[in-house]
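Numbering (UniProt numbering), first residue to last: 1 to 206.
Ideal Cβ positions, reconstructed from N, Cα and C, are used throughout, including at glycine.
This structure is a prediction, so every number in the text was calculated from the model and none was measured.
Below is one structure; the comments refer to it alone.
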Amino acid sequence: MSPRNSVLEARRTRQRIVERGLTLASVEGLEGLTIGRLATELGMSKAGVLGHFGTKERLQLAVVDAAAEMFAREVPQRVRHVPAGLAHLTALCEAWISYLERALLPGGCFFTAVATEFDGRGGPVRDAVAGLDALWRRDLSIHIRRAVVAGDLPAGTDPDQLVYELFGIMLALNHALQLHRDDRAPERARRAVRQRLGSPVPLGER
Numbered sequence: 001m002s003p004r005n006s007v008l009e010a011r012r013t014r015q016r017i018v019e020r021g022l023t024l025a026s027v028e029g030l031e032g033l034t035i036g037r038l039a040t041e042l043g044m045s046k047a048g049v050l051g052h053f054g055t056k057e058r059l060q061l062a063v064v065d066a067a068a069e070m071f072a073r074e075v076p077q078r079v080r081h082v083p084a085g086l087a088h089l090t091a092l093c094e095a096w097i098s099y100l101e102r103a104l105l106p107g108g109c110f111f112t113a114v115a116t117e118f119d120g121r122g123g124p125v126r127d128a129v130a131g132l133d134a135l136w137r138r139d140l141s142i143h144i145r146r147a148v149v150a151g152d153l154p155a156g157t158d159p160d161q162l163v164y165e166l167f168g169i170m171l172a173l174n175h176a177l178q179l180h181r182d183d184r185a186p187e188r189a190r191r192a193v194r195q196r197l198g199s200p201v202p203l204g205e206r
């Protein structure tokens, strides 16, 4: 095998490990993500899995990065063509609801599960999750401010408060889908967002 092919094969193997790790961690948490479990799942040796990351913590961080890439691809990137203002904010919320509704990961929202797992801890994994959460809140706040400037939302709108409420709706949606298997929950979430934003176009009909 040529050096080039060796590098490509190593990348593919690493990607397989991370993808499987993401699926497992969405259900069992990052602490349940062990080198031995992944080796068994993928038919590899423990040394083979460990060789791609060095430590369990680096493996966990790679899985967090993969989850962030999936979320970015399925939510903000899906609506990047929508004009700024309330239309974009509403489209973001619809993409967010759809992301949870389609159950791309068996454990539901990866970041909801991992935030609960790591919120009381310190360390690089907790910091990575908190940083990504803060980044998404900041992005939502920017879109809210743009909607206010455009006159789509009232001038007195508190962006931080609205972000807080939107997160509450999505957390409730994930809870209803995962714990209660409530197939009516996405429509309830859409109704809640529509009422809060005063969107003239119903979510799910764009």
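- By the C-beta criterion, the segment 52-64 is judged to be in contact with the segment 12-30, since at least 3 inter-stretch pairs fall below 8 Å.
- Cβ-Cβ separation between residue 108 and residue 174: approximately 5 Å, consistent with a contact (criterion under 8 Å).
- In this structure residue 127 does not touch residue 111 by the C-beta definition: roughly 14 Å separates them, more than the 8 Å allowed.
- Just so you know, the alpha carbons of residue 44 and residue 88 end up roughly 45 Å apart.
- The C-beta distance from residue 104 to residue 74 rounds to 7 Å, short enough to meet the 8 Å contact threshold.
- Apart from the 5 residues on each side of it in sequence, residue 68 sits with its Cβ closer than 6 Å to the Cβ of 132 in its chain, given in chain order.
- Taking 9 Å as the cut-off, the Cβ atoms of residue 177 and residue 101 count as close.
- Taking 9 Å as the cut-off, the beta carbon of residue 29 is found no closer than this to the beta carbon of residue 148.
- Per DSSP, the unbroken alpha helix (DSSP H) holding residue 197 starts and ends at 185-197.
- The Cβ neighbour count for residue 35, taken over all protein chains shown within 10 Å, is at least 16; the residue is labelled buried.
- Per the Cβ contact rule, the segment 179-191 is not in contact with the segment 153-168 (fewer than 3 Cβ pairs under 8 Å).
- In this structure, the beta-carbon distance from residue 76 to residue 139 falls below 9 Å.
- When DSSP states are grouped into helix, strand and coil, residue 53 belongs to the coil group.
- The alpha-carbon of residue 94 is positioned some 31 Å away from that of residue 32.
- In the DSSP assignment, residue 38 falls within the unbroken alpha helix (DSSP H) covering 35-42.
- At the C-beta level, residue 92 and residue 153 stay beyond 9 Å of one another.
- Comparing C-alpha distances from residue 66 to each of 195, 182, 25 shows the shortest one belongs to 25.
- Following the DSSP letters along the chain, one finds residue 90 inside the alpha helix (DSSP H) bounded by residues 86-101.
- For the pair residue 124 and residue 144, the CB atoms are not nearer than the 9 Å cut-off.
- Ranked by how close their Cα comes to the Cα of residue 39, the residues 64, 13, 155 have 13 in first place.
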